[in-house]
Amino acid sequence: MKNNKKGFIWSRLFAFLAFIFLLITIYGNWLEHKEFMEEANNNIVEVKVIRKFAVVNLLEGPEFSIQIEAIPESHVPTKYNSSMIRVSQDFFERAEVGDSIAGFEADGEFYLESHLKEEIHIFYILLMIFSLYPAGYILYWMMKIKPIREGFGIIAKVLHLEKVGNFIITFVIFGGIVATLFYFSFTEGKDALENGYERFFGDNHAEANALILDKDVDLNSSLHGDHEYYISLMYRPANQDESIFIAKGVTWPTYNRYTDSIPIIYNVDNPYQVFVKDITFWDIVEIMMTDTVLIGTIAIILGILLSLIPYFLWRKKKYGHY
Numbered sequence: 000m001k002n003n004k005k006g007f008i009w010s011r012l013f014a015f016l017a018f019i020f021l022l023i024t025i026y027g028n029w030l031e032h033k034e035f036m037e038e039a040n041n042n043i044v045e046v047k048v049i050r051k052f053a054v055v056n057l058l059e060g061p062e063f064s065i066q067i068e069a070i071p072e073s074h075v076p077t078k079y080n081s082s083m084i085r086v087s088q089d090f091f092e093r094a095e096v097g098d099s100i101a102g103f104e105a106d107g108e109f110y111l112e113s114h115l116k117e118e119i120h121i122f123y124i125l126l127m128i129f130s131l132y133p134a135g136y137i138l139y140w141m142m143k144i145k146p147i148r149e150g151f152g153i154i155a156k157v158l159h160l161e162k163v164g165n166f167i168i169t170f171v172i173f174g175g176i177v178a179t180l181f182y183f184s185f186t187e188g189k190d191a192l193e194n195g196y197e198r199f200f201g202d203n204h205a206e207a208n209a210l211i212l213d214k215d216v217d218l219n220s221s222l223h224g225d226h227e228y229y230i231s232l233m234y235r236p237a238n239q240d241e242s243i244f245i246a247k248g249v250t251w252p253t254y255n256r257y258t259d260s261i262p263i264i265y266n267v268d269n270p271y272q273v274f275v276k277d278i279t280f281w282d283i284v285e286i287m288m289t290d291t292v293l294i295g296t297i298a299i300i301l302g303i304l305l306s307l308i309p310y311f312l313w314r315k316k317k318y319g320h321y
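All letters in the sequence shown, in the order written, are residues 0 to 321 by numbering that gives the first Met the number 0.
What follows is the structure, encoded as structure tokens:
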């Protein structure tokens, strides 16, 4: 009995400390976000477009960037290269080299208005997620107050929640987990699958020899060292008068294999969609070990297993066994 009481006290203490920790974290992040937005709104700047780059990651299709420093240290989109600014395809196509664009500066980096809106959007989504536990903790203690508990009981009775409550809870928990897994893994996975299909089954391709301008590694501090290797290249599509610039994500073997130029395949309808022409066995091995492939595979397996849990719980309740 004593041990049970001790365990109960420790669990309550842990729940309270988690509640306080999350409140402090939420408040600290809110202050940081507020300071960031104030700094950005008070520092309106104008920069010039020096170069336009399409960033083609190892597995995903093209994203678009502009370069704003006259003499940048790198033409590769590493986390330390603040000269390359991610933009929408529409903005990329409208912008010309030499154009002046207005934006905001905060923490030594340049932001467009769309970037600030995205920061706000992400901040409030994360705020909502991290507020779930504190809100639930407060609700838990509110339910200890008899009038509030009785009020909720009346509402539950009127709405017949006692009959559907278990189903709703099961659906929300398992459905939410499955939906979250699939959303985060297939946001990137969908793009990777479409890009892979175009690489191997696209029917409007052409070949070219691209000049290598720069090479760099976006270092990842994770335990398995999943670094991203980029080659900055320039080539001229057969149906265009001007050269285009690509920062292409490649595997480690490809990164080491080429120094001055690299043979590529490109989509004639979208010349920013570029693929390395020659793929070796070791390239395939490294692709299979990327986070996108591994997380996507794990998400599929977990999604299947989690989606089966409600069915087995129903079987257990109805037949007494799984």
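C-beta atoms are modelled at their ideal positions from N, C-alpha and C, and glycine is treated no differently.
Roughly how many whole angstroms lie between the Cα atoms of residue i and residue j?
i       : j       : result
Ala-205 : Ala-191 : 21 Å
Met-83  : Phe-52  : 8 Å
Ala-246 : Leu-115 : 24 Å
Leu-126 : Ile-25  : 7 Å
Arg-93  : Ser-99  : 12 Å
Ile-119 : Tyr-318 : 50 Å
Phe-13  : Trp-140 : 15 Å
His-32  : Phe-122 : 8 Å
Asn-80  : Phe-18  : 38 Å
Lys-156 : Glu-149 : 10 Å
Ile-300 : Tyr-310 : 16 Å
Ala-105 : Asn-269 : 34 Å
Met-288 : Val-86  : 29 Å
Glu-197 : Lys-276 : 13 Å
Let me make sure I understand the geometry here. Which of the options has the alpha-carbon closest to that of residue i?
i       : options                               : result
Arg-235 : Gly-102, Tyr-123 and Phe-244          : Phe-244
Thr-250 : Ile-278, Glu-62, Glu-241 and Pro-262  : Ile-278
Val-44  : Gly-27, Leu-293, Ile-67 and Thr-24    : Ile-67
Tyr-110 : Lys-276, Glu-38 and Gly-302           : Glu-38
Asn-203 : Asp-217, Ile-264 and Glu-149          : Ile-264
Gly-248 : Gln-239, Asn-238, Leu-218 and Ser-242 : Leu-218
Phe-199 : Glu-62, Ser-130 and Asn-266           : Asn-266
Leu-16  : Met-288, Tyr-132, Phe-274 and Pro-270 : Tyr-132
Val-292 : Asn-269, Lys-189 and Lys-315          : Lys-189
Ile-208 : Tyr-228, Asp-215, Ser-306 and Ala-237 : Residue identity differs from the one stated: residue 208 is Asn in this sequence, not Ile. Closest by alpha carbon: Ala-237.
Asn-40  : Arg-50, Leu-21 and Phe-103            : Phe-103
Gly-201 : Phe-274, Phe-311 and Glu-241          : Phe-274
Ser-108 : Gln-239, Phe-35, Trp-9 and Ile-23     : Just to set this straight, residue 108 is Glu in the shown sequence, not Ser. Comparing Cα positions, the closest option is Phe-35.
Ala-101 : Val-46, Ile-147 and Arg-50            : Val-46
His-226 : Ser-130, Asp-290, Glu-117 and Ile-303 : Asp-290
Could you pull out every residue in the same chain whose Cβ sits closer than 6 Å to the Cβ of residue i, ignoring the five residues on either side in sequence?
i       : result
Leu-222 : Low confidence applies to Leu-222: its pLDDT is 47, below 50, so where it sits in the model is not reliable, and the reading given next is rough at best. Here the set comprises nothing.
Pro-76  : Val-54, Met-83 and Ala-246
Val-96  : Val-48
Can you list, in chain order, the residues of its chain with a C-beta nearer than 8 Å to that of residue i? Leave out the 5 residues immediately preceding and following it.
i       : result
Pro-252 : Thr-279, Trp-281, Asp-282 and Glu-285
Asn-194 : Leu-58, Glu-59, Gly-60 and Gln-272
Val-211 : The identity of residue 211 in the sequence shown is Ile, whereas the question assumes Val. Closer than 8 Å at the Cβ level, and outside the excluded window around Ile-211, lie Ile-230, Ser-231, Leu-232, Tyr-257, Thr-258, Asp-259, Ser-260 and Ile-261.
Phe-325 : Residue numbering for the chain in the displayed model covers 0 to 321; residue 325 lies beyond these limits and cannot be assessed.
Lys-78  : Asp-217
Assign residue i to buried or exposed, taking buried as 16 or more other Cβ atoms, counted over all protein chains shown, within 10 Å of its Cβ.
i       : result
Leu-58  : buried
Lys-91  : The amino acid at residue 91 is misidentified as Lys; the sequence shows Phe. Classification of Phe-91: buried, given that the 10 Å Cβ count is 16 or more.
Ile-128 : exposed
Phe-63  : buried
His-74  : buried
Ile-65  : buried
Val-216 : exposed
Ala-333 : The chain is shown only over 0 to 321; residue 333 falls outside these bounds and no answer can be derived.
Tyr-228 : buried
Taking only beta-carbon positions, decide if residue i is within less than 8 Å of chain B.
i      : result
Pro-61 : Here there is only one protein chain, and chain B is not present.
Leaving aside the five residues before and after residue i along the sequence, list all residues of the same chain whose C-beta is less than 7 Å from its C-beta, in chain order.
i       : result
Gln-88  : Phe-63
Asp-213 : Ser-73, His-74, Val-75 and Ser-231
Leu-22  : Pro-133
Tyr-136 : Ala-14 and Phe-18
_Threshold first: 4 residues or longer. Then list the alpha helix (DSSP H) segments lying entirely within the region 42-117, N to C._
Every alpha helix (DSSP H) of 4 residues or more that sits fully in the region 42-117 is shown, in chain order, as 88-93.
_Segments assigned beta strand (DSSP E), at least 3 residues, entirely inside the region 188-226_ = Fully enclosed beta strand (DSSP E) runs of no fewer than 3 residues occupy 204-217 of the region 188-226, in order along the chain.
*What residue ranges within the region 229-279 form continuous beta strand (DSSP E) runs of no fewer than 3 residues, ordered along the chain?*
Look at the region 229-279 and you find these whole runs of beta strand (DSSP E), each 3 residues long or longer: 243-249, 260-266 and 269-275.
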